[in-house]
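Undergrad: After the structure tokens below, expect a handful of questions from me.
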Amino acid sequence: MITKGIMAGLFALGMPILAWAAEGAVAPAYRLVTFLVFGVVIMLTMYVTYMASKRVHSASDFYTAGGGISGLQNGWAIAGDYLSAASFLGIAGLISLYGYDGFMYSVGWLVAYITVLLVIAEPCRNIGKYTLADILAYRNDPKKVRVVGAISVITVSTFYLTAQMVGGGVLVKALIGIDYEVSVMAVGVLMLAYVLFGGMVATTYVQIIKAVLLVIASIILVMLVWAPYGFSLPEFLAAVVGDDKVQGQVARLLGNSADTMSSAELGQRFLEPGLYLKDPLDQISLGMALVFGTAGLPHILMRFFTVPNAQEARKSVIWAMAIIGGFYVMTLFLGMGAAVHVGATEISFIDKGGNMAAPLLAQYLGGGADSVMGNFMLAFVAAVAFATIVAVVAGLVLAAASAMAHDLYVGVIRGEHATAAEQIKAARISTLVVGAIAIVIGIAAKGQNVAHLVALAFAVAASANLPCILLTLYWKRCNTGGIMAGMIVGTVSAIALVMVSPNMTYPLKVKANATQLITDAASKRLGLEDTLAAVSPEERAYKDATKALEKLLKDVEKAEADLLRYADQRTSIVGLEEPLILLKNPGIISIPLGFLAVILGSLLWGRDRRSESRWTELYVRQNTGLGAAKASVHG
Amino acid sequence: MSKSPDWEAIASSPKFKQLVARKRIVLSGLMLFSVCYYFLLPIGAAYFPDMFTQQVWGHLNIGLVFALSEFVVAWAVALIYLRIANKKFDVLAAEIVADVEAGQ
Numbered sequence: 002m003i004t005k006g007i008m009a010g011l012f013a014l015g016m017p018i019l020a021w022a023a024e025g026a027v028a029p030a031y032r033l034v035t036f037l038v039f040g041v042v043i044m045l046t047m048y049v050t051y052m053a054s055k056r057v058h059s060a061s062d063f064y065t066a067g068g069g070i071s072g073l074q075n076g077w078a079i080a081g082d083y084l085s086a087a088s089f090l091g092i093a094g095l096i097s098l099y100g101y102d103g104f105m106y107s108v109g110w111l112v113a114y115i116t117v118l119l120v121i122a123e124p125c126r127n128i129g130k131y132t133l134a135d136i137l138a139y140r141n142d143p144k145k146v147r148v149v150g151a152i153s154v155i156t157v158s159t160f161y162l163t164a165q166m167v168g169g170g171v172l173v174k175a176l177i178g179i180d181y182e183v184s185v186m187a188v189g190v191l192m193l194a195y196v197l198f199g200g201m202v203a204t205t206y207v208q209i210i211k212a213v214l215l216v217i218a219s220i221i222l223v224m225l226v227w228a229p230y231g232f233s234l235p236e237f238l239a240a241v242v243g244d245d246k247v248q249g250q251v252a253r254l255l256g257n258s259a260d261t262m263s264s265a266e267l268g269q270r271f272l273e274p275g276l277y278l279k280d281p282l283d284q285i286s287l288g289m290a291l292v293f294g295t296a297g298l299p300h301i302l303m304r305f306f307t308v309p310n311a312q313e314a315r316k317s318v319i320w321a322m323a324i325i326g327g328f329y330v331m332t333l334f335l336g337m338g339a340a341v342h343v344g345a346t347e348i349s350f351i352d353k354g355g356n357m358a359a360p361l362l363a364q365y366l367g368g369g370a371d372s373v374m375g376n377f378m379l380a381f382v383a384a385v386a387f388a389t390i391v392a393v394v395a396g397l398v399l400a401a402a403s404a405m406a407h408d409l410y411v412g413v414i415r416g417e418h419a420t421a422a423e424q425i426k427a428a429r430i431s432t433l434v435v436g437a438i439a440i441v442i443g444i445a446a447k448g449q450n451v452a453h454l455v456a457l458a459f460a461v462a463a464s465a466n467l468p469c470i471l472l473t474l475y476w477k478r479c480n481t482g483g484i485m486a487g488m489i490v491g492t493v494s495a496i497a498l499v500m501v502s503p504n505m506t507y508p509l510k511v512k513a514n515a516t517q518l519i520t521d522a523a524s525k526r527l528g529l530e531d532t533l534a535a536v537s538p539e540e541r542a543y544k545d546a547t548k549a550l551e552k553l554l555k556d557v558e559k560a561e562a563d564l565l566r567y568a569d570q571r572t573s574i575v576g577l578e579e580p581l582i583l584l585k586n587p588g589i590i591s592i593p594l595g596f597l598a599v600i601l602g603s604l605l606w607g608r609d610r611r612s613e614s615r616w617t618e619l620y621v622r623q624n625t626g627l628g629a630a631k632a633s634v635h636g
Numbered sequence: 052m053s054k055s056p057d058w059e060a061i062a063s064s065p066k067f068k069q070l071v072a073r074k075r076i077v078l079s080g081l082m083l084f085s086v087c088y089y090f091l092l093p094i095g096a097a098y099f100p101d102m103f104t105q106q107v108w109g110h111l112n113i114g115l116v117f118a119l120s121e122f123v124v125a126w127a128v129a130l131i132y133l134r135i136a137n138k139k140f141d142v143l144a145a146e147i148v149a150d151v152e153a154g155q
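Residue numbers (this note's numbering), protein chains in the order written: chain A, 2 to 636; chain B, 52 to 155.
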């Protein structure tokens with residue numbers, strides 16, 4: 002019944018999508034193929050949701066799949082939850098445009114799981130039930146810490162969610178040309194269908210399916226990229242270094258300083274640091290947010306409540322690390338392969354951030370833009386990207402909804418007194434509310450630069466959530482005062498530092514850049530037109546120059562629009578003409594502040610006998626799993 | 052459901068003390084090592100460019116080797132922990148749980 006309704010709804014949704022499809026990476030003739038591939042993926046996940054919906058009877062089923070997920074399954078689901086479109090398409094894109102620095106950027110995303118493995122996964126499994134605040138409430142004043150915990154969880158999830166919704170909308174538009182608003186709605190409605198009916202069971206399977214598809218797609222692409230070089234790393238790198246498109250990209254990035262370099266030196270430079278990441282302090286700051294923030298991400302933390310015991314939690318992190326790490330190593334080949342076969346000019350033409358690198362590489366490897374196989378491969382990668390967005394969004398919505406329903410409604414408003422039926426009803430209503438908010442924010446934030454919101458989500462998780470969880474688990478004197486201080490100081494400092502950082506839009510700078518671009522454009526245009534006149538239309542240089550000219554006109558158009566848009570503005574939204582700090586990532590300041598706030602808050606709160614006596618119980622339980630195994634058998 | 056265990060008694064038992072002492076050494080040691088090794092990468096890239104750009108195997112340079120080694124080291128740390136946890140921590144924890152259940 003339910004599925005029938007959903008299918009009808011999706012079918013109805015699918016029709017206007019077809020009608021509204023405009024320009025995208027997929028050529029109009031092959032759009033139907035793309036929708037068929039999308040359709041297969043959606044049908045598969047809907048079937049899983051239908052099966053799962055029969056198994057969701059209680060709040061425990063809804064939030065944690067009754068604790069019945071195995072370590073292996075959970076490992077795949079963590080990978081599916083974690084590898085967002087930003088990592089699948091974004092990192093491959095960064096590598097394709099900036100070489101070494103893109104790859105270096107990917108490392109922190111794996112190292113982060115060491116923290117998860119060593120200090121978070123097992124204790125949280127032994128202590129928690131459904132949410133992050135459950136862990137905090139174990140020995141502290143439940144109402145107070147549930148309120149601050151839930152606020153932090155909702156903040157982190159909303160930042161992450163906004164980035165995913167906006168990024169997803171832009172991506173789907175770039176790939177298949179569906180209108181931004183329509184793709185945001187499609188992502189939102191699909192995700193709601195999974196979560197509302199199938200709860201954590203369906204969310205888990207959607208994440209597993211997505212992770213499997215992602216890994217299959219990546220392996221196929223890497224095989225095709227690497228096979229011509231006999232799977233030899235030096236030979237592959239020699240091809241990258243010797244490629245004229247790669248050399249051209251490095252020359253563009255280096256500007257005047259490239260004039261004295263030979264083409265071999267330019268190519269080798271692609272494999273060396275410094276083309277993208279300029280400020281080491283900022284990198285370390287971002288690294289800190291990744292390494293300490295991942296362990297505090299509510300949607301990742303929540304995954305550990307779905308396994309029956311600490312051993313399975315441990316096993317799931319090991320599997321997740323194998324999958325996530327293996328995937329990031331593969332992005333090296335995807336990115337470099339795209340740099341050679343597609344070229345930076347082509348990649349950044351559709352999307353400046355390089356997100357189209359992997360899809361365009363797939364199209365090339367399948368036989369090119371005019372071949373059936375090439376377009377089928379592109380469609381497959383596009384469908385994987387779409388599944389990726391939906392799976393990550395589902396996990397985030399579930400985390401935010403559990404904080405709202407389990408912590409705020411059941412825990413605080415109802416004082417833990419709610420019947421099983423009321424609990425699951427609250428969970429579903431919260432899911433609907435969060436889902437609706439996600440769609441509204443996604444549409445409202447159209448055209449905004451939201452890339453820094455993911456980094457901000459990690460920074461808040463690292464500065465507020467992690468210090469609180471870590472110290473409540475491992476420090477006897479930690480108490481309610483410390484948790485409240487840590488949550489508030491961590492969240493506020495991370496956000497405030499970003500508000501005064503270069504991430505914000507500073508109209509004066511935007512206008513200066515736009516004016517500069519328009520001034521420079523005139524001479525660049527003349528140069529390109531000279532090239533066009535000098536070479537014959539069959540040559541590659543002619544095609545490149547045409548592309549470059551098109552891009553130049555696009556940039557000028559955008560610069561003119563910026564000048565108009567910010568004509569009367571001088572300051573950023575917090576009233577600054579220029580950034581107060583130069584750090585883009587606040588972690589290096591806000592993480593120590595968060596820890597300090599928990600410690601000082603606890604000490605100022607005074608000795609809390611109850612918290613300290615409950616600590617003994619917590620400490621024994623988190624280390625031995627006493628009592629935890631029983632809870633999960635009952636589901 | 053039996054009555055809740057005497058947490059203070061378990062916490063002060065020699066086996067529990069041994070478990071947490073071992074865990075403390077292993078966890079803090081592995082954590083510290085991983086974090087230090089990780090931050091060597093951006094520090095090396097920023098402050099030791101001459102070393103990072105040195106080619107060791109065709110076009111493969113030390114920077115790339117070091118970045119790849121980050122993956123290997125992260126996996127190695129995870130596997131070392133897995134081994135110790137499975138062989139030592141789980142056994143001790145199971146003994147503690149068995150003692151508690153026998154005592155009830």
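For glycine and all other residues, C-beta sits at the position ideal for the given N, C-alpha and C.
(1) Report the residue ranges of all alpha helix (DSSP H) runs contained in full by the region 511–572 of chain A; include only those spanning at least 4 residues, in chain order.
(2) Using the C-alpha atoms, what's the distance from A:Ala560 back to A:Leu518?
(3) Closer than 7 Å by beta-carbon distance: list the chain A residues that pair up with B:Met102, in chain order.
(4) Can you give me the C-alpha to C-alpha distance between A:Tyr139 and A:Ile128, rounded to a whole angstrom?
(5) Does B:Gln106 come out as helix, strand or coil in the three-state DSSP assignment?
(6) Among the candidates A:Val207, A:Asp245, A:Ala218, whose CA atom is the shortest distance from the CA of A:Gly367?
(7) Tell me which same chain residues have a C-beta within less than 8 Å of the C-beta of B:Ile147, skipping the five on either side of it?
(8) Residue range of the alpha helix (DSSP H) that A:His300 falls in?
(9) Give the straight-line distance between the Cα atoms of A:Pro274 and A:Asn75, rounded to the nearest whole angstrom.
(10) So, are the CB atoms of A:Tyr567 and A:Lys510 less than 7 Å apart?
(11) With a threshold of 8 Å, are at least 3 pairs of Cβ atoms found where one atom belongs to the region 51–59 of chain A and the other to the region 264–278 of chain A?
(12) So for B:Leu111, helix, strand or coil by DSSP?
(13) B:Leu93 CB to nearest chain A CB: under 7 Å?
(14) By the criterion of Cβ-Cβ separation under 7 Å, what are the contact partners of B:Lys139 in chain A?
(15) Could you check if A:Arg304 is buried or exposed, using at least 16 other CB atoms within 10 Å of its CB as the buried criterion?
(16) Can you give me the Cβ contacts of A:Gln284 inside the same chain, cut-off strictly under 7 Å, excluding the 5 residues immediately before and after it?
(17) Assuming A:Ile592 is part of the alpha helix (DSSP H), what are its boundary residues?
(18) Verify the CB distance criterion: does B:Ala72 have a CB-CB separation below 7 Å to chain A?
(19) Note down, one range per segment and in chain order, each alpha helix (DSSP H) of at least 4 residues found wholly within the region 61–133 of chain B.
(20) Please state if the CB of A:Leu272 and the CB of B:Leu115 are separated by a distance shorter than 7 Å.
(21) Does the Cβ-Cβ distance between A:Val385 and A:Ala87 come in under 7 Å?
(22) Does the CB of A:Gln284 have a neighbour CB from chain B at under 7 Å?
(23) Taking one C-beta from the region 609–622 of chain A and one from the region 305–321 of chain A each time, how about it: are there three or more such pairs within less than 8 Å?
(24) Give me the residue from A:Val599, A:Arg478, A:Ala30, A:Leu90 with the minimum Cα distance to A:Val382.
(25) At a Cβ cut of 8 Å, what residues of the region 231–257 of chain A count as close to chain B, listed as they run along the chain?
(26) Helix, strand or coil for A:Ala458? Go by DSSP, reduced to three states.
(27) If you scan the region 306–343 of chain A from start to end, which runs of the alpha helix (DSSP H) of 4 or more residues do you find wholly inside it?
(28) Are there three or more Cβ pairs, one per stretch, closer than 8 Å when the region 102–115 of chain A is compared with the region 287–295 of chain A?
(29) Out of curiosity, what's the CA-to-CA distance linking A:Thr205 and A:Phe350?
(30) Taking the alpha-carbon positions, what's the A:Ala515 to A:Ala93 distance?
(31) Do A:Ala388 and A:Val42 have their CB atoms nearer than 7 Å?
(32) Whose Cβ in chain A lies nearer than 9 Å to the Cβ of B:Gly114?
(33) Contact between the region 243–259 of chain A and the region 336–346 of chain A is defined here as three or more beta-carbon pairs at a separation below 8 Å; is this criterion met?
(34) Against B:Gly154, what residues of chain A qualify as contacts under a CB-to-CB distance less than 8 Å, listed in chain order?
(35) How do the region 149–158 of chain A and the region 460–467 of chain A stand: do at least 3 beta-carbon pairs fall below 8 Å, yes or no?
TA: On the basis of the supplied data:
(1) As far as the region 511–572 of chain A is concerned, its whole alpha helix (DSSP H) runs of at least 4 residues are 541–566.
(2) Start at 1 with the first residue of the first sequence, and residue 518 of chain A comes out as number 517. Start at 1 with the first residue of the first sequence, and residue 560 of chain A comes out as number 559. Each residue's Cα considered, the two are about 7 Å apart.
(3) Position 51 of the second sequence holds residue 102 of chain B. Near B:Met102 there are no residues of chain A at all, since even the closest Cβ is about 11 Å away, more than 7 Å.
(4) Locating residue 139 of chain A in the first sequence gives position 138, counting from the first residue. Locating residue 128 of chain A in the first sequence gives position 127, counting from the first residue. One C-alpha to the other measures close to 8 Å.
(5) By 1-based counting over the second sequence, the position of residue 106 of chain B is 55. In the three-state reduction of the DSSP assignment, B:Gln106 falls in the strand class, which pools E and B.
(6) Position 366 of the first sequence, counted from the first residue, corresponds to residue 367 of chain A. Of the candidates A:Val207, A:Asp245, A:Ala218, the one whose C-alpha sits nearest the C-alpha of A:Gly367 is A:Ala218.
(7) Here residue 147 of chain B corresponds to residue number 96 of the second sequence, with the count starting at 1. Hits under 8 Å: Ile61, Ser64, Lys66, Phe67, Leu70.
(8) As a first step, residue 300 of chain A is located in the first sequence; it is residue number 299 there, counting from the start. Run containing A:His300: 299–304, per the alpha helix (DSSP H) assignment.
(9) On the first sequence, residue 274 of chain A is found 273 positions in, with the first residue counted as 1. On the first sequence, residue 75 of chain A is found 74 positions in, with the first residue counted as 1. Using only the alpha carbons, I get a separation of about 35 Å.
(10) Residue mapping note: residue 567 of chain A aligns to position 566 of the first sequence, counting from 1. Residue mapping note: residue 510 of chain A aligns to position 509 of the first sequence, counting from 1. Contact: no.
(11) In short, these stretches do not touch, since the Cβ pair count stays below three.
(12) Translated into the one-based positions of the second sequence, residue 111 of chain B becomes position 60. In the structure shown, B:Leu111 sits in a strand (DSSP, three-state: E or B).
(13) Within the second sequence, residue 93 of chain B is the residue found at index 42, counting from 1. Note that residue 93 of chain B is Pro in the sequence shown, not Leu. So yes, B:Pro93 belongs to the interface.
(14) In the second sequence, the residue the question calls residue 139 of chain B occupies position 88. Chain order gives no chain A residues near B:Lys139, where near means a beta carbon separation below 7 Å; the closest approach is about 13 Å.
(15) By 1-based counting over the first sequence, the position of residue 304 of chain A is 303. Flag for A:Arg304 reads buried.
(16) By 1-based counting over the first sequence, the position of residue 284 of chain A is 283. Cβ-Cβ distances below 7 Å link A:Gln284 to Leu278 in the same chain, with the five nearest sequence neighbours on each side left out; the list follows chain order.
(17) Walking along the first sequence from the start, residue 592 of chain A turns up at place 591. 588–606 is the span of the alpha helix (DSSP H), which, as asked, contains A:Ile592.
(18) For the purposes of this step, residue 72 of chain B is identified with residue 21 of the second sequence, where counting begins at 1. So, not an interface residue.
(19) 65–98, 100–103, all fully within the region 61–133 of chain B.
(20) Stepping through the second sequence from its first residue, residue 115 of chain B is reached at position 64. Stepping through the first sequence from its first residue, residue 272 of chain A is reached at position 271. Cβ distance < 7 Å, so B:Leu115 and A:Leu272 count as in contact.
(21) As a working mapping, residue 385 of chain A is identified with position 384 in the first sequence. As a working mapping, residue 87 of chain A is identified with position 86 in the first sequence. Taking 7 Å as the cut-off, the beta carbon of A:Val385 is found no closer than this to the beta carbon of A:Ala87.
(22) Here residue 284 of chain A is taken as the residue at index 283 of the first sequence, counted from 1. At least one chain B Cβ lies under 7 Å of A:Gln284.
(23) No, the region 609–622 of chain A does not touch the region 305–321 of chain A.
(24) Here residue 382 of chain A is taken as the residue at index 381 of the first sequence, counted from 1. Taking only the C-alpha atoms, the option nearest A:Val382 is A:Leu90.
(25) Residues passing the 8 Å Cβ filter: Leu234, Pro235, Glu236, Leu238, Ala239, Val241, Val242.
(26) Along the first sequence, read from residue 1 onward, the residue named residue 458 of chain A stands at position 457. It is helical.
(27) Counting whole runs of 4 or more residues, the region 306–343 of chain A contains the alpha helix (DSSP H) stretches 311–342.
(28) Using a Cβ-Cβ distance cut-off of 8 Å, the region 102–115 of chain A and the region 287–295 of chain A are in contact, since at least three pairs of beta carbons, one from each stretch, lie closer than that value.
(29) Start at 1 with the first residue of the first sequence, and residue 205 of chain A comes out as number 204. Start at 1 with the first residue of the first sequence, and residue 350 of chain A comes out as number 349. So the alpha carbons of these two residues sit roughly 36 Å apart.
(30) Taking the first residue of the first sequence as 1, we reach residue 515 of chain A at position 514. Taking the first residue of the first sequence as 1, we reach residue 93 of chain A at position 92. Approximately 28 Å between the Cα atoms of the pair.
(31) As a position in the first sequence, residue 388 of chain A is number 387, starting the count at 1. As a position in the first sequence, residue 42 of chain A is number 41, starting the count at 1. For A:Ala388 and A:Val42, yes; Cβs fall inside 7 Å.
(32) Against the second sequence, residue 114 of chain B aligns to sequence position 63. For B:Gly114, the residues of chain A that pass the 9 Å Cβ criterion are Tyr101, Met105, Leu272, Glu273, Pro274, in the order they occur in the chain.
(33) Yes, the region 243–259 of chain A is in contact with the region 336–346 of chain A.
(34) One-based indexing of the second sequence puts residue 154 of chain B at position 103. Those within 8 Å of B:Gly154 in chain A number zero; the least Cβ separation is about 12 Å.
(35) Yes, since at least three Cβ pairs between the region 149–158 of chain A and the region 460–467 of chain A fall closer than 8 Å, the two stretches touch.
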